[in-house]
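Presented below is the structure to which this report refers.
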Amino acid sequence: MAAKSQFHVLAVDDSIIDRKLIERLLKTSSYQVTTVDSGSKALKFLGLHEDDTSNPNIPSVSPNNHQKVEVNLVITDYCMPGMTGYDLLKKIKESSSLKNIPVVIMSSENVPSRISRCLEEGAEEFFLKPVRLSDLNKLRPHMLKTKFKDHNQKLEKQEEKVAFQSPKQEEEQQHQHQHQQQLMQQQSSNNKRKAIEEELSPERTRPRYNGITTVV
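Add 459 to the 1-based position in the sequence shown for this note's numbering, that's all there is to it.
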């Protein structure tokens, strides 16, 4: 069960037949699968919604519908009513929180310009329908690469956090060092002054004349 739930794939297709087929193939390949029938439902599952209808290419994170389950890859049909697979691809890649999720496009039409456009926009693969089990064997390397990339980004963020805190710590240490130096200099000055006062003390520089009383 651990191997089956290692990677989670979101499959998007408006055709129930194709959706059931890709779901069965993905489960056969030991992937955890979630299926939806439209690009808008895919965005909702991923936690994205469109606030600005005048510019639908700018998705934003919805706090109410933010994804609770990690999605490691999205595989979507190209031709769908409303939002095409290409539109879904663009929205995912424009999202700062989801742009690292690999996206694979499926289509029953072999159109070179369409394939090139999707690959240039950031799609990892372009599969021709009907999708075969051998096609899905190409998915795992993309998900592994993304996991390593996410892990490295987390490490970089931790390093940046440490680097951001370091100057403050260095400044505090410098202040402490300066304070210690000031205390040492002050103590040294006090010792020197005490020594000079002892050297100039009348008791040491002038002899005592006992029995002589000076009247003012």
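We put the beta carbon where it would ideally sit given N, CA and C, even for glycine.
Between the region 560-574 and the region 534-541, do at least 3 Cβ pairs fall closer than 8 Å?
yes
Helix, strand or coil for E584? Go by DSSP, reduced to three states.
Locating residue 584 in the sequence shown gives position 125, where the first residue counts as 1. The answer is strand: DSSP assigns E584 an E or B state.
For A470, write down the residues that DSSP places opposite it in a beta bridge.
Here residue 470 refers to the residue found at position 11 when the sequence shown is read from its first residue. DSSP lists T494 and I534 as partners of A470.
Where L507 falls: helix, strand or coil (DSSP):
For the purposes of this step, residue 507 is identified with residue 48 of the sequence shown, where counting begins at 1. Correct three-state label for L507: strand.
Close beta carbons around Q465, own chain, < 6 Å, minus the five adjacent residues each side:
Sequence index remark: in the sequence shown, residue 465 carries index 6 (1-based). The answer is none, since no qualifying residue turns up.
Between the region 541-560 and the region 484-495, do at least 3 Cβ pairs fall closer than 8 Å?
no
For the beta strand (DSSP E) that contains I564, what are its first and last residues?
Along the sequence shown, one-based indexing puts residue 564 at 105. First-last of the beta strand (DSSP E) with I564: V562 to S566.
Cβ neighbours of V468 in the same chain (closer than 8 Å, five flanking residues each side left out)
Counting from one through the sequence shown, the residue named residue 468 turns up at place 9. Excluding positions up to five away in sequence, the list reads L485, Y490, Q491, V492, T493, V530, N531, L532, V533, I534 and L598.
Thinking C-beta only, is F585 closer than 8 Å to L578?
Taking the first residue of the sequence shown as 1, we reach residue 578 at position 119. Taking the first residue of the sequence shown as 1, we reach residue 585 at position 126. In this structure, F585 lies closer than 8 Å to L578 by Cβ.
Could you tell me the alpha carbon to alpha carbon distance between G506 and E630, rounded to whole angstroms?
Along the sequence shown, one-based indexing puts residue 506 at 47. Along the sequence shown, one-based indexing puts residue 630 at 171. Going by the C-alpha atoms only, they are around 42 Å apart.
Grouping DSSP H, G and I as helix and E and B as strand, with all else coil, what is E529?
Taking the sequence shown and counting its residues from 1, one reaches residue 529 at position 70. In the structure shown, E529 sits in coil (DSSP, three-state: anything other than H, G, I, E or B).
Determine the extent of the alpha helix (DSSP H) in which G544 is found, giving its start and end residues.
On the sequence shown, position 85 is the one that residue 544 refers to. It spans G544 to E553 - the alpha helix (DSSP H) in which G544 sits, taken as one unbroken run.
Just verifying my parser: in three-state terms, what is the DSSP assignment at R591?
Along the sequence shown, one-based indexing puts residue 591 at 132. In the structure shown, R591 sits in coil (DSSP, three-state: anything other than H, G, I, E or B).
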